[in-house]
Structures are given as structure tokens and as C-alpha cells.
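In what follows, a structure is listed as C-alpha cells, so that the remarks can point back to it.
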Amino acid sequence: MRRATSHGRFDYRKSWHKFSRNYVSVVGLGVVLLVAFLAIFASYVTLYPSHAEFYVNFPEAREPPNWAHLFGTDQFGRDVLTRIVFGFRYSLMMAIVVLSLVVAPGVVLGLVAGYYRGGKVDMAIMRTADIFLAVPPLVLALSICSVLTPSVFNAMMAVSLMWWPWYTRLVYSIASSLRNEAFVQAAEIAGASPFHIIFREILPNCLGPILTKMTLDAGWVILIGASLSFVGLGAQPPTPDLGTMVSDGAKLLPEQWWISIFPALTIVLVILGFNLLGDGVRDMFSAETV
Amino acid sequence: MRMSTFVLKRLSYTVFVLFGLSILIFIIARVLPGDPARLALGPRAPDWAVENLRQQLRLNEPLYIQYFYWLRDALSGSLGVSLVTRRDVMVDIQEFLPATVELIVLAALLDMALAIPIGMVAGRRANSWFDNVVRVLSYVGVAVPAFVVAIIFILVFGFMLNIAPSIGRISPNIVAPPTVTGLITIDSLISGNMVAFFDAVAHLILPALALSLGLIAQEARITRSSVVENLNKDYILSTVSHGVPERLLTLKYLLKPSLIPTVSVMGLDMASLIGNAFLVELIFNWPGVSRYGITAMLRKDLNAIVAVVMIAGIIFAIANIAVDLIVAYLDPRIRMIERAA
Amino acid sequence: MSAEEILTVKGLKKYFKTTRGIVKAVDDVSFSVMKNETVGLVGESGSGKSTVGHVVMGIYGPTAGSITFMGNDISMGVGRRPKELKKRLQIVFQDPASSLNPRRTIGQILELPLRVHHLAPEGKYAERVFEMMDLIELPREFAVRYPGEQGGGEKQAVAIGRALATRPSFIVLDEPTSALDVSIQAKIINMLMRFQKEFDLSYLFITHNLSLMRNVAQRVGIMYLGKIVEMAGTPEFFSNPLHPYTKMLLSAVPVITREEEALKPEKITSTGEIAGALNVPPGCSFHPRCPFVMDICSKVVPSQIEYKKEHYVACHLYPST
Amino acid sequence: MAEQLLEVNDLCVNYKVYEGLLRVLNGVSLSVGSKEKVGIIGESGCGKTTTMKAVMRILATNAIVPNGTIAYKGSDLLKLGRQELMRLHRTSMSMIFQDPTAALNPVFKVGEQLKDIVRYSEFTSNAPNRQEVRTKAVELLKSAALPEPERILDSYPFQLSGGMRQRICIAMSLASAKDLLIADEPGTSLDVTIEDQIMRLLKQIVEDRGLSVILISHSIGAVKGFVTKLYVMYAGTMIEEAPTDELFSNPVHPYTQNLLKAVPKLTGGGVPEGIAGRIPSYLTIGDGCRFASRCRSAKESCHVHAPPAFDIGNGHRVACFHYGDI
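Protein chains in written order, with the numbering used here: chain A, 256 to 545; chain B, 6 to 346; chain C, 52 to 372; chain D, 135 to 460.
What follows is the structure in C-alpha cells.
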């Protein structure tokens, strides 16, 4: 209330305009919303909710796509489409858990290192981040998972453990260049505290890239999760995880192609959705072109 | 001259980072829950056997002592015994590494050879039908994971085209050339064995394409957008306004600056290339170090896991140094102005 | 002049270490600013004029020399200055596009100095912000807008408002209008001149624009490669320039009217370029470009002398007697 | 009127952007005679550079030219084919950009760039001798008063100072500008003593070679001693046109009057008020006089109709309905 006069209103109409001027962003938003809707209401929207986990019906196994089973059935007679929809739950959960664990510490470390650029704090944080970034993310995730008991939860922890430096590096590059900007100097001259400068002056300028990266990362985290379970180091059967489904079905290629191909294409769809959405988020934060 | 200091600085930092990485992965392998010896021998092994192995692996010593011994051995060429193959991990790596290098190098070459021309043409003819097709394909291409491409390849070539998917590095009925470099393509060329060469290439092409497709999409997109951006830059307009012929303008004055962002991103993309190799080798049953690594991970073979992660880190570092050198070649400002440390 | 000195700079040096050597951005600069006075500092890029302003503000601490402000020593970075003094000393930066945070509203920007120094009772900040906006002639509804949506003139007005918020006694104006068009520049300059009278302000006005300087400053100093080569009261400075560099600059100023053309000194054609900061010529740093160069110029650094009353110059053409 | 080299008539240029259509140039006309020196002044964003890019046919890819003709040596530049345009670029007209740092390709040596231009502009044969090209390039650098031309040919642009870069751009233009030289704020990004040197160099070159020149500037003083005819632009329109002395002694358009007053004088006397407000947004610009929103003498009709250019004698034309009363 006391600051009601000076806070900028978030201009929804303008932001939506900037977001939607590229129609593919809207398509991306649609895909993500659809996937989220299906995941939340999986038990209601699927025809065979009981097929999600442990269920065996050999007489109906390996049926190619038909009207009863649009995406066919797997080697245990489970409806592939039903399992895909339940798989969305694990995918989205993976993205949500990892990002909520990773973004805040990663961003704060990047801000602090950028603010104290050139000092010992900067050295310590960024060198550590560089070490984590010295090996391809999937390889690091695989190796962390390999020493843990394979499970969805451990996969989430493993991915979280190695994902923070990407945010640190992103924010660091912005923060350390803003450190010399006149508006930061002006705040220092006004006598503002480092806390104010880091979180009120610098952070708001990093939000666009952070949110864009979060949106894109949601897709990549889901992919890494699927890759882990594809290899067998993530979710374990009978968990309906997209990666597990692809790897189970891959053994039956090429004859029973639908068991692996449909979950695989769904992974593509989800990543594509988040990628397109991310482009829209980037547009939303872009400067005026006029 | 100054180029050498640039390379030297870059190299010494790489060594530092790899050293840090070895500590990190060592800690992960030792500190995370579970007794490595118990993991290796399985739950039914008697306690005395586990204790023996603990002694042998020096697991009872403090962590930094363990690391010291590991580092000393590694520098003298031993990475410890693999619990699975019962050989020194170094020997395993020597056997499996060339196949992976062959695959990754070909994928990177395919990536550059296709992405750059596609991006250049699309950018030069922005908003043409070709550009629109490229843009749609690159949207999708970026989103398709390499292992999905690999599976689709197996489906398409095995099921729809009825060509048995090429599994492994060389057909069993063909005699492999004598090992010189370990890269079958190079070795067969050296020995003049063209049959083996074409067979090896036929085996390479699908996994390499599966690995590079996403990158091609990504880099074509970046090349396109930097071409479009540069087309409106004053230095291109000025070259146009002096009547320099279009081909020279595109292939010289537009190409070189436009490549800088593409090549820079390639450094990051090498990460996904190396990471994806783990999955693609598994699917194509490619006898490389990545497939070896996956096996080690599934069997909790700690020495092998540490070694494979370090190998991935080293390949990634080499790729990044190569990328930095190419960027420095393309951009004299990076080559000649020392950035403030 | 018997007026009270508000700022005294003595033997100020600011060196920067770079990978290729030491840059002497400011090298032994002394001057003072009286109460209610505007002192102009003119120079081309690389002359170190902005660095002087930044060191005075404490954006970085000096390498050597002293800065005294209202009787207090402030030869240190802003972080170590007493809060009370920070309030009295403000700056307006060259480019308002970068000195105003694009992600903070104009209201938030104006409110920050008030809050830091607790200049209003809780709940009264909005009112004070509105008063500031009236002062800089911005409509009150702009408080919730972001600087990016405004024109250059409005943005610079906000930057001036922020500098005024703590009721300072001294403001460094670091090329406050060089990013603006002339028609906007005039408006901003008039605003600054009005505030100077209204709030008893002293200015250190840094610019490369000599014509502008003529109209705003009481005293003018001219800088070349980190040194003040000439300094005098404005009328004296423009009617009787001494240093060859001053004459060269004045000859090069583009002018509109015949009267202005007549004011220019004997024409000294501009030659050469300012040397790189890393290889400053020995002796007088201007000697490679000087039409009156003598043997001594490349060997001995000329010291500053008071050639006439209140007219200082550092040039071997004017030996101290 | 004498035979004109360049005649721009009623030129309009729009830019397509995400937000809609930017209607930047609206009915711009200007003419340049043979060996005539013409200046265009106006503040940032008034469309000076867009006009010149249209003349050079190097407008950005999102630009649209819905209306207007650009007659150059009798043919309409806007209808010229690629080959003919390239021939003109090589042999007849050239442009110097405002920022020499941006106008030189950062990743090629000066010699590479200059020699490629020389190869196609100065030689008619397709494969001139390398040595000839180099000699010619050195010669051009010398005529732009650059010391050590050999060293400069072997340098990258970022290794040289701003003044040297602008001289290189001038040298490049000398290769291909045999008739018309367009100079877009050639001194603005430079220090005042360097700007002075560049302007003197340009003046000497233009006079020695008998070129026609269009000099663009936002600094009124910089063009004054150079050109014989001045155009004043505001928000994408030509608002006043007069011989230089006439314009300075008798400015008629309220914008020109205020602009001249707003320039601080070396003789002192304070700074006048300036002009309130700012240039209107090209996105939402109306049909009326584009200066009306900032004009103290604007009447209601000014906001509705755009004023045509009224000829008031002495080659003085002004686009203002109230030119008599102000």
C-alpha cells in the first residue's frame, strides 16, 4: 500500500501482445497447457487408468493402434496412450522439482559472484561452477545416478545437483556486466546497500533471461530425466515414465514399433512445446523495437 | 606471438578445471550412499570378501589419501581395475575410445558441413519458401532428442525400408584393417582396404546422423539469424554500396562474421553431442567408450565410472579449445586484444 | 575571489592497471570549486575529464592526491565515505539510458535516495516523490512508468531529480546533455541553471562542448591526457586563450554566427590525434601536435603557472618569471 | 533550373515492425545539381539517414517504399536492375557512414576491404594485376591524408583510431564516387579537433574532384561553411529548404527558428528555452503537420492537414501554413 504510487503495473495486455505476436509461441503455450491438464487429470481423461503401473493382460498384448487403443498396447497388454498420459506426471514433476531446487541457489550465487566481480568470492563460486560445467550434463547426471539406487526421486536429486551452475553462469554474465553500469553506480552513490543493489537493481534485469531459460530448461530437464530412465538409471518399471517406455519398446523394434515410437514422439512434443513457449517468453521481455 | 600465450592460458585453465573435475567425480563416487565394495560384490557376498576388497581399494583410508593414490596411479597410466572386465580401466579405454572418437568427430563434421550452408542460404533468402521450411524443420529438429532419432532410424531403415540397421562398427564378414589409429575408417584407408572403408562408413553414418541432427537444426538456426542480423549492419551495407559483387559479399564479407556465433555455440553443443553419444552408442550397439560407460554405471563399476567421466571431460575440453581457436581465427579482436583477466 | 571553497582537489592522480601497462587517466590535477560556482572541465575523449568527476564521486578511490569537500577529506571510495557526506555530493551521468535502471519505475528511482537517507516520515515518500516530479516538470502519472518509455530529455530530468532528492550542495554534471538533441539540451541546461540558484548548488560541469561551456561556467579548465593545461575565468578564457591546445580547440569549434567567428583566436589548424593513454609522449604530452613546439617541450613537463591573475597555464611558451 | 544530378520526389518510406507500420519518410523531396554542395540538418530520428539509404538503395530488409521517385542522371533509381545499380555503386555514387567503426568489417584487414572495392571500381578488366590494385589502394589512402598507408593496409580496423577509420571510409568512397558523395554525419562520432580535420579533408576532396555532395548533420555549425544549399528535416518530412546564408539569416519555419536559437553560442548570452516535447512516434503519426504537437503557433488545421512546401522566393521553400505570420 505504501508504495502503491511508485510500483510499475505489470502491463498484461502489452506483455501478451509481445508474447503472442509470434503465433508459434501461442502454439507452445497450448501444448504445455494441454500436457499439464492431462497430467493433472490423468485418472479422469484416460480410458484405462488401471494400466498406468502394474497390470498384465497378455491376450491383449502387442496390439497395433486401433480404436480401443489409439496408440496400441505394450508387451503386457497395457494401453500405451494411457501410460503416456500418466508419464506426463513424472515428466512435469521432474521439471518442477528440479527447477524449484536449482534456480534460486544458482541465481543467488551468480548475482553474488557478479557483484563481487574480480574478488575471492567470485573466484570461488565461478571456478566451482566451471568444474561442474566441465563435463556434459547428461554424463554427470548419469554418473551421479549410477552410484545411487535408481528411482525417480534420486534422478531428480542427481539432476538438481548438477544443474545449478547453468543459472550461476547465466546470471553471472549479466550481473558482472551490469556492475559497471551507471545505474548501479548511481545507486551506490545514493548510499544503497549491497543487498538493495543485488536484488533490487541487478536482479530485475536478469529476470527475462532467467524465466526464458527456465521455460527452455523445463523441456531439457524432462529430456534428461527420460534419458536417465531410458538407460535404466532413473525411473524403474512399472513406473509409467516416458523414457522407460521408450527403452522397453525399443527391444521390440521394428515389429511392435508403436510401443516405443509414440512415447518417443510425445517427448519431442513436450520439448517442442517448452521451446516454443520459451521463445515467446523471450519476446515478452525483449525491448521495444520502436 | 600473442596467440601462443592465448593457447597457453587456455590450456592451463583446462588442466585446472579437469583437476577439479577429477576431485568432484571422486567425491561423488565415494561420498554418496552405498559401500562401493558391497555394491561391486553384490548383497550375497560374505563380509570378509567385502572387507578384503575394501582393503584392496583403500576404502578404509581417508578420502584425500584415496584420491592421492588414485591421482598418482592415473598419472602413471593406471586407472584401477574394472570390477566388471577385471582389467585395468586404462586398457578398456584404449580399446573403446577410438570408436567413440570416430563417431563424435564425424557427427561434428556433418554438423558443420550441413548447418552452415543451410543457415547461410536461409538467411540470405530470408522469408523465402526455403527459409520457411528451414525454420519449421529447425524448430522441430532442436526438440528431437538424439535417442529418439536413433530409434526412428532403426524403425525406418529396419521396418519400412527393410534394410537391416547397421549395428556395430564393421560387418562380421569383413576383415577389419590392422589397427594403427584405432579409427577403422582411417586404418582401412591406410591399408588401402576400400571394402572395409565403405563398410565402416556405412556403419558410421546412421549413428553419426542421429547424433548431429539436433545440432544441425540448432546451428542452422543460429547461422540464419546472425546472417539476417549482419545483412543490416553498416559494414555490409557499405560493402554493398561500393558495388562489391554479390557472391564475394556473401561468401566473404557476410560469411566470416556470421560464423562467429555459430562456432561459439558449437562449443556448448559439443556437450550434448558427447552426452548423447552415451545413448546412441547403446541403441546402435556401438562398441565405444560411452557404451562401456553405461555398462559400468549399471554395474556400479566405480573405477570405470570415474575414468569414463574424466574421458568425457577431456574430450569436451579438447572440443572447446578447438572451438576457441576457430573463433580466435575468425575474430581478430579476440586473437589480438587481451581481455582483462 | 573570496568566496568559500566547497571542493578542493589537490594533486589528484588516478592510474588504472591494465594487462598492457598503466594508464594514467588523471595525472596531477588540482582545482577548486567555490560555493554557488560552476566550474567547467573541457576535454576530448581520453583526456580524463570524466575520470576526475568519477573520482570526486568516489566511484573509485584516487591513486594519489587529496579531495576535500566542505572541509572533510573524501579521498576514498564512496563505500567508505560518511553517509552524511554522500547526501551532499551527487552526480548526473552522461547517458540517462544507462544511468536509470530500465526495470525500475521513475517513482522507485526517485524514492531510493529518499529512503536511504530517511528523508521523509514513513508514508510520506510518495508525496515527496510527487514533489520531485513537479520540480522536474514531469506529470505525476509518470511515477509508475519505466524510463525506457520516455524520451531522452525526460530521462535526464529524472536523473537530475534523483541527484536533487537528497538536497545536495554539490553536483558533478558528467556530460549531462551530450546524448541529447540541441532542442532538448537547451531545456535541460536551463533547468540545471534554475536549480543552481534555487538550491544554492555548486557544479563541476564536464563536457566536450566549448560553446556550451561558455554559457554555463564561471571558470573553465581544459584537460589534455590527464592534465589540466589551462584554467581561467570564463570571459578571460574565451577572450584570451593562451595554451596552443586551447586555441586549436577553439579554432575547430563549429559556429553559426559571424560574431562567434570573430571571437576565435588566430587560426590554429588542428593536426594529429590525441596519443594513446598507454604511450603518452614525454615532456609536454601535447608537443607532437603543437605548431609552436620547441626543443624543451619533448623533454620537460611544463609546470602550471599563474600567467595572469586567476589565469593558469602549463606551457613552455609561458615561462614562469 | 540547371540540369539536376539527383532529384528525389515525394519519397515515402515505411518500416514493417512487429508493432505495425512505422511511417518514417513522408513526401521527402530534394535535388542536387552537378557539383552542388547540399546539406541536410535535423535531429536524431528525423529520417536523414533513411533518406540517404533510400538513395543508395541500401534500405533495411523490412523497409517499404510505397511512393516516390529518385531520379539519378535521368533514370529512376528505384526501378534500376541489380546490374545497373551495381555499376552506379562502383563508378558514380558512394556513401560515408556516421560511425566508421560500424562501417568497416571488423574481421577483415583494411587492405582486404579496400582492395576488393578498388578491384571492381577502378578497373574495368576482371582480373587486374595485384600490384596495380595495391598501388591504387595506397594512393587512395594517401589522398585521404593517411600516414603510413602500407601499415594501415595491413591493420584491422579495431587497431586504428576513430579518425583513421573515418579516413579509410573516405578513401573507399573515393574509389567509387565519381559523381556524388553522400556523407552521413562524418564527424559526429569523433572529437571536435578530429571532426574539424575530417571536414576540411572532405571539403578539399570534393572541390578537387568536382563532386556533388550531400552532407548530413545534426550540428548546424558543421555544415554551415561547407554547403551552398540547406534542407531542414523534421520527423520524416522536409520542412524548409534555402540557400545556406538565406536560411541562417532568415529562417521561416518555427522549428528551424527554434533550432537555431537553441544552439549555445561561443559568444555566450545563455541558452534559450529549446523546444518542448519530442518527436512523435512513427507508429501512431497522423496526417497533419508533424511538428504541430510541439509548435507554439499551431492552429487546429495544422493537426489535420500536412502543409505543402510553399515557395517564398530566393530558392526558399517552407512547409508551414503560417510562414507569413511567424
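Virtual Cβ for every residue (Gly too), placed ideally from N, Cα, C. Source: prediction; values computed, not measured.
Taking 7 angstroms as the cut-off, decide whether the C-beta atoms of residue i and residue j are in contact.
i: S228/D; j: S310/D; result: yes
i: V185/B; j: D192/B; result: yes
i: R382/A; j: S431/A; result: no
i: E311/C; j: H362/C; result: no
i: V536/A; j: L466/A; result: yes
i: V439/A; j: L366/A; result: no
i: G158/C; j: V180/C; result: yes
i: I279/C; j: V80/C; result: yes
i: V353/A; j: S415/A; result: yes
i: L161/C; j: M183/C; result: yes
Report the partner residues of residue i according to the DSSP bridge assignment.
i: A376/D; result: L364/D
i: I279/C; result: M274/C
i: M8/B; result: Answer is none; M8/B lacks a bridge partner.
i: S117/C; result: K61/C
i: F82/C; result: V60/C
i: N201/D; result: C146/D
i: Y66/C; result: K75/C
i: S165/D; result: E141/D
i: Y88/D; result: Residue numbering for chain D in the displayed model covers 135 to 460; residue 88/D lies beyond these limits and cannot be assessed.
i: G91/C; result: F256/C, V271/C
i: D445/D; result: R451/D
i: D330/D; result: None; D330/D has no bridge partner.
Straight-line CA distance for residue i to residue j?
i: G179/D; j: C146/D; result: 15 angstroms
i: A345/B; j: T70/C; result: At A345/B the pLDDT is 34, less than 50, meaning the model places this residue with poor confidence; the figure from the coordinates comes in the next sentence. Taking the straight line joining both Cα atoms gives about 6 angstroms.
i: Q138/D; j: S246/B; result: 22 angstroms
i: V94/B; j: V358/A; result: 37 angstroms
i: P262/D; j: K169/D; result: 30 angstroms
i: R258/A; j: R166/C; result: Reliability fails at R258/A, whose pLDDT of 44 lies under 50, so the model's placement of it is uncertain and no value is given.
i: I419/D; j: A197/D; result: 17 angstroms
i: D266/A; j: Y197/C; result: 11 angstroms
i: Y369/C; j: E407/D; result: 41 angstroms
i: Q99/B; j: L58/B; result: 25 angstroms
i: I168/B; j: I522/A; result: 26 angstroms
i: D232/C; j: P414/D; result: 15 angstroms
i: F246/C; j: V107/C; result: 21 angstroms
i: K150/D; j: N277/A; result: 15 angstroms
i: R344/A; j: A294/A; result: 5 angstroms
i: L108/B; j: I159/B; result: 17 angstroms
Under a Cβ-count criterion, where at least 16 other Cβ atoms within 10 Å of its own Cβ denotes burial, should residue i be classed as buried or exposed?
i: V286/A; result: buried
i: D379/D; result: exposed
i: G374/A; result: exposed
i: P385/D; result: buried
i: N198/B; result: buried
i: P388/D; result: buried
i: K276/D; result: exposed
i: V55/B; result: buried
i: A323/A; result: exposed
i: L62/B; result: buried
Is any non-hydrogen atom of the ligand COA found closer than 6 angstroms to the C-beta of residue i, if you look at the structure I gave you?
i: M127/C; result: With respect to the ligand COA, the structure offers nothing, as it holds no ligand at all.
Under 8 angstroms by Cβ, that's how I've got residue i and residue j pegged, so tell me the actual separation to the nearest angstrom.
i: V314/B; j: I30/B; result: 5 angstroms
i: A34/B; j: A389/A; result: Going by Cβ atoms, the distance from A34/B to A389/A rounds to 16 angstroms, so no, they are not a contact pair.
i: I516/A; j: D503/A; result: Not really, about 12 angstroms apart at Cβ, beyond 8 angstroms.
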